[in-house]
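Student: Taking our numbering, the leading residue of the sequence shown gets 5, the next gets one more, and so forth. Every residue gets a Cβ at the ideal spot worked out from N, C-alpha and C, and that includes glycine. Just so we're clear, the structure is a prediction, and the values are computed from it rather than from any experiment.
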Amino acid sequence: MADATVRPESRWHRLLATTPRHLFVPRWWTPTERDGTWVYELREGADDPDAWMSSAYDKSLSVITRVGPHHADHAAPAAVVPEAWPTSSATLPALVVKLYQHAFLADDSRLLVTCGSGYGTALACRRLGEDKVTSVDVDPYLIQAARERLATAGHRPRLEVCDVTGELPGVCDRIVSTVSVASIPASWLTALAPGGRMVTALSGTGLLIVADKTADGGATGRVAPEPAEFMSIRHDDDYPLAPDHADLWATARKADGESVTTGRYPVMRVSRTWDVRSTLELTVPGIEHRMETASDGTRTAYMLHPDGSWARATAPGARQVPTVHQGGPRRLWDELDRIRTWLVIDGDLPVAGAAVRIDPDGACHLSRSGWSATIGAQ
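The structure is reproduced here in structure tokens:
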């Protein structure tokens, strides 16, 4: 796994090769399809050592340890839970290392990192020493389990239960978050020492933010060149229930709407395109996407917004342009086509490599080539 993640001369190679990731994921959840429905099945490492080692040491796999309120450690043998949002995992090793590389850790850096399974914390302890590492999580059990597993691996960093969007314990030189935030918490800027650096992802996008604290109490930086996605921050045992938009989805599936046009481009699966999806989320936050492919190859994409806007785009195949129906106060598909036109003309979108400026209150401003967007306090 270390060989496949970094070059042998990297200082991270030895740390990856000698940190026992399997200790942090003795049980985990695997998504699978049963009778046409997606569920999560419990996997027990002791019952299948080959699968345990294969999952634990896959550099590109985030091992899911908690789904909704269901932690794998507490599940009955052979348990199956309905599909829900994962709420904790061991982040894939390649991404953990990339985050730490972006953080530009110095030997004396005081690091605050989000905990989860504790694997990323273990790597940080190997790199900096346990006395330089503080690891936090909103879930008391995750902190308890991580404390025990870290001790087994020979590490005893400071572990604290706290909501990472609130007051943080102590002052640090680096904040590395393996959960995404809707906006930058002002408490991070308070906790960062002068010149300190934060690395985090923005919820609903693939944008990884790297920013250094400035003398005015804010921060400046950039969007990292690599896309990154994490589970969103939660404040309780599970994420809040999603709003029930059943009536609006029914409208989106059948209604003609106020606008019927021909789209400029073939139907795309927006959720799989980090740059288009990120730009769209910054332009019109909160759009929900669905897509269906019929047995005859017909592709239909749906977009739904909490303000009542909706769009349905249907094309007979992957390369044909769709007929687009739209309703509500905004034309969501028009926004998507505008962004795709931008991409065709310029070759990229301004979210790639955008400059970042964060105000002391946490408002995050992104800008590039005449484009700008603001997230958070306004």
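#1: Going by the CB atoms, is the gap between Ile291 and Met307 shorter than 9 Å?
#2: Excluding the five sequence neighbours on either side, which residues of its own chain have a C-beta within less than 8 Å of the C-beta of Ser170, listed in chain order?
#3: With distances taken from CA atoms, which of Thr138, Leu196, Pro320, Val288 is nearest Ser299?
#4: Taking the continuous alpha helix (DSSP H) assigned at Met57, which residues delimit it?
#5: Just tell me which of Asp54, Val85, Phe28, Pro12 has its CA closest to the CA of Pro35.
#6: Considering only residues of the same chain and omitting the five flanking positions on each side of Thr378, which have a CB-CB separation below 8 Å?
#7: Measure the C-alpha to C-alpha separation of Leu196 and Gly40 and round it to an integer number of angstroms.
#8: What does the Cβ neighbour count give for Asp143, buried or exposed, with the cut at 16 atoms within 10 Å?
#9: Write down the C-beta distance between Met235 and Pro90 rounded to the nearest angstrom, noting that I regard them as a contact closer than 8 Å.
#10: Please classify Ala50: is it buried, with 16 or more other beta-carbons within 10 angstroms of its beta-carbon, or exposed?
#11: According to DSSP, simplified to helix, strand and coil, what is Asp216?
#12: If the criterion is Cβ atoms closer than 9 Å, does the pair Phe28 and Ser181 meet it?
#13: Cα separation between Gln330 and Ser263?
#14: In the DSSP assignment, find the unbroken alpha helix (DSSP H) run with Val101 in it and report its ends.
#15: Going by other Cβ atoms of all chains shown within 10 Å of its Cβ, with 16 needed for buried, is Ser275 buried or exposed?
#16: For Leu353 and Val140, what's the separation of their Cα atoms in angstroms?
#17: Whole angstroms are fine: how far does the CA of Ile147 sit from the CA of Val165?
#18: Which class does Cys129 belong to by DSSP, given the choice of helix, strand or coil?
#19: What whole-angstrom Cβ distance do Ser1 and Ala157 have, given they're in contact under 8 Å?
#20: At what residues does the beta strand (DSSP E) containing Trp33 begin and finish?
#21: Run the CB neighbour count on Ala215, radius 10 Å, all protein chains shown included, and call it buried at 16 or more, exposed below.
#22: Please report how far the alpha carbon of Arg294 lies from the alpha carbon of Pro53, in whole angstroms.
#23: In chain order, what are the residue ranges of uninterrupted alpha helix (DSSP H) at least 4 long that sit wholly in the segment 268-333?
#24: Helix or strand or just coil, what does DSSP make of Asp141?
#25: How close, in whole Å, do the beta carbons of Trp33 and Ala80 come, if the pair is a contact with beta carbons under 8 Å?
#26: Can you look up Thr265 in the DSSP assignment and give me helix, strand or coil?
#27: Hey, quick one: how far does the alpha helix (DSSP H) through Glu13 stretch, first residue to last?
#28: Give every residue of the same chain whose Cβ lies closer than 7 Å to the Cβ of Ser282, excluding the five residues on either side of it in the sequence, and list them in chain order.
#29: Cα separation between Val227 and Gln105?
#30: Using DSSP bridges, identify the partner residues of Val348.
#31: Using 9 Å as the threshold, is the C-beta distance between Ala128 and Leu99 below it?
#32: Excluding five sequence neighbours on each side, which residues of the same chain lie with their C-beta closer than 7 Å to the C-beta of Gly225?
#33: On a Cα-Cα basis, can you pick out the residue from Arg151, Met202, Leu286 that is closest to Leu163?
Tutor: Let me spell this out:
#1: As a first step, residue 307 must be located in the sequence shown, where it is residue number 303. As a first step, residue 291 must be located in the sequence shown, where it is residue number 287. A contact, by the Cβ cut-off of 9 Å.
#2: Translated into the one-based positions of the sequence shown, residue 170 becomes position 166. With the sequence shown as reference, residue 170 is identified as Gly, and Ser is not the correct amino acid for it. Excluding positions up to five away in sequence, the list reads Pro189, Ser191.
#3: Translated into the one-based positions of the sequence shown, residue 299 becomes position 295. Ranking the options by Cα distance to Ser299, first place goes to Pro320.
#4: In the sequence shown, residue 57 corresponds to position 53, counting from 1. Run containing Met57: 53-60, per the alpha helix (DSSP H) assignment.
#5: As a working mapping, residue 35 is identified with position 31 in the sequence shown. Of the listed residues, the one whose Cα sits closest to Pro35 is Val85.
#6: The residue given as residue 378 occupies position 374 in the sequence shown. Excluding sequence neighbours, Thr378 sits near Ala367, Cys368, His369, Leu370.
#7: Sequence index remark: in the sequence shown, residue 196 carries index 192 (1-based). Sequence index remark: in the sequence shown, residue 40 carries index 36 (1-based). Between Leu196 and Gly40, the C-alpha separation is close to 48 Å.
#8: Locating residue 143 in the sequence shown gives position 139, where the first residue counts as 1. Buried, by the Cβ-count rule.
#9: For the purposes of this step, residue 235 is taken as residue 231 along the sequence shown, with counting starting at 1. For the purposes of this step, residue 90 is taken as residue 86 along the sequence shown, with counting starting at 1. About 6 Å; that satisfies the 8 Å criterion.
#10: By one-based count along the sequence shown, residue 50 stands at place 46. Exposed.
#11: Sequence index remark: in the sequence shown, residue 216 carries index 212 (1-based). Looking at Asp216 - three-state DSSP - the assignment turns out to be strand.
#12: For the purposes of this step, residue 28 is taken as residue 24 along the sequence shown, with counting starting at 1. For the purposes of this step, residue 181 is taken as residue 177 along the sequence shown, with counting starting at 1. No.
#13: Your numbering for residue 330 matches position 326 in the sequence shown. Your numbering for residue 263 matches position 259 in the sequence shown. Approximately 5 Å, taken between the alpha carbons.
#14: Sequence index remark: in the sequence shown, residue 101 carries index 97 (1-based). Start and end: 97-107.
#15: For the purposes of this step, residue 275 is taken as the residue at position 271 of the sequence shown. By the neighbour-count definition (other C-beta atoms within 10 Å, threshold 16), Ser275 is an exposed residue.
#16: Counted from its first residue, the sequence shown places residue 353 at position 349. Counted from its first residue, the sequence shown places residue 140 at position 136. Taking the straight line joining both Cα atoms gives about 34 Å.
#17: The count along the sequence shown starts at 1 and reaches residue 165 at position 161. The count along the sequence shown starts at 1 and reaches residue 147 at position 143. Whole-angstrom Cα-Cα distance: 7 Å.
#18: Position 125 of the sequence shown holds residue 129. If DSSP states are grouped into helix, strand and coil, Cys129 belongs with the helices.
#19: The chain is shown only over 5 to 382; residue 1 falls outside these bounds and no answer can be derived.
#20: In the sequence shown, residue 33 corresponds to position 29, counting from 1. Its beta strand (DSSP E) spans residues 31-38.
#21: For this step, residue 215 is matched to residue 211 along the sequence shown. Taking a 10 Å sphere around the C-beta of Ala215, we find 16 or more other C-beta atoms and assign the residue as buried.
#22: By one-based count along the sequence shown, residue 294 stands at place 290. By one-based count along the sequence shown, residue 53 stands at place 49. Rounded to the nearest angstrom, the two C-alpha atoms are 37 Å apart.
#23: 278-287
#24: The sequence position of residue 141 within the sequence shown is 137, counting from 1. Shown here, Asp141 sits in a strand according to DSSP, grouped into three states.
#25: As a working mapping, residue 33 is identified with position 29 in the sequence shown. As a working mapping, residue 80 is identified with position 76 in the sequence shown. In fact, because the Cβ distance is near 13 Å, the residues do not count as touching under 8 Å.
#26: The residue given as residue 265 occupies position 261 in the sequence shown. Three-state result, Thr265: strand.
#27: As a working mapping, residue 13 is identified with position 9 in the sequence shown. Looking at the DSSP string, Glu13 is not in any alpha helix (DSSP H), and its letter there is neither H nor E.
#28: Against the sequence shown, residue 282 aligns to sequence position 278. The residues are Thr209, Gly210, Leu211, Val355.
#29: Here residue 227 refers to the residue found at position 223 of the sequence shown. Here residue 105 refers to the residue found at position 101 of the sequence shown. Using only the alpha carbons, I get a separation of about 14 Å.
#30: Taking the first residue of the sequence shown as 1, we reach residue 348 at position 344. Answer is none; Val348 lacks a bridge partner.
#31: Counting from 1 along the sequence shown, the entry for residue 128 is found at position 124. Counting from 1 along the sequence shown, the entry for residue 99 is found at position 95. Cβ distance not < 9 Å, so Ala128 and Leu99 don't count as in contact.
#32: Here residue 225 corresponds to residue number 221 of the sequence shown, with the count starting at 1. The residues are Ile213, Val214, Ala215, Asp216, Val360.
#33: In the sequence shown, the residue the question calls residue 163 occupies position 159. With distances taken between Cα atoms, Leu163 lies closest to Arg151.
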